[in-house]
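Visitor:
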Amino acid sequence: MEKLKRFGQQFDWGYLVVLAMALFALWPFLSRSALPQETDAELHIFRLAELSSLLRGGEWYPRWAPNFYYGYGYPIFNYYAPLTYYLG
68 MEKLKRFGQQ FDWGYLVVLA MALFALWPFL SRSALPQETD AELHIFRLAE
118 LSSLLRGGEW YPRWAPNFYY GYGYPIFNYY APLTYYLG
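To convert, note that position 27 of the sequence shown is 94 in this note's numbering; the numbers rise steadily by one, no gaps.
1. Three or more C-beta pairs closer than 8 Å, one from the segment 133 to 151 and one from the segment 110 to 117: is that the case here?
2. When burial is assigned at 16 or more other CB atoms within 10 Å of the CB, is ALA132 buried or exposed?
3. Measure the alpha-carbon distance for ILE112 versus PHE96 and round it to whole angstroms.
4. Using only the alpha-carbon positions, how far apart do SER100 and VAL85 sit?
5. I need the boundaries of the alpha helix (DSSP H) containing TYR141, first residue and last residue.
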């Protein structure tokens, strides 16, 4: 019981206030069920789909995207690192 009392005294309520403010600020973005309508959002979706198909084909670190630019391909992952697309 003594530990619980000390926790209440040591807990910084400022963290809770900052978390509440952050959730309040991000709520419009978190409450949408659709993708955001940004200028380059479609490009990122295409890159994510291309990375997914390359991973399914066994290429773990792709450098060449063969389906880009009307089937001629493009080295998109040479210029834009694929880590963020791996997370997607």
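For glycine and all other residues, C-beta sits at the position ideal for the given N, C-alpha and C.
Guide: Reading off the structure:
1. Taking a cut-off of 8 Å for Cβ pairs, the segment 133 to 151 and the segment 110 to 117 touch, as three or more such pairs fall below it.
2. Around the beta carbon of ALA132, 16 or more other beta carbons lie within 10 angstroms, which makes this residue buried.
3. Taking the Cα positions, ILE112 is about 18 Å away from PHE96.
4. Take the alpha-carbon of SER100 and the one of VAL85: they are about 25 Å apart.
5. TYR141 -> no alpha helix (DSSP H), and no H or E assigned at all.
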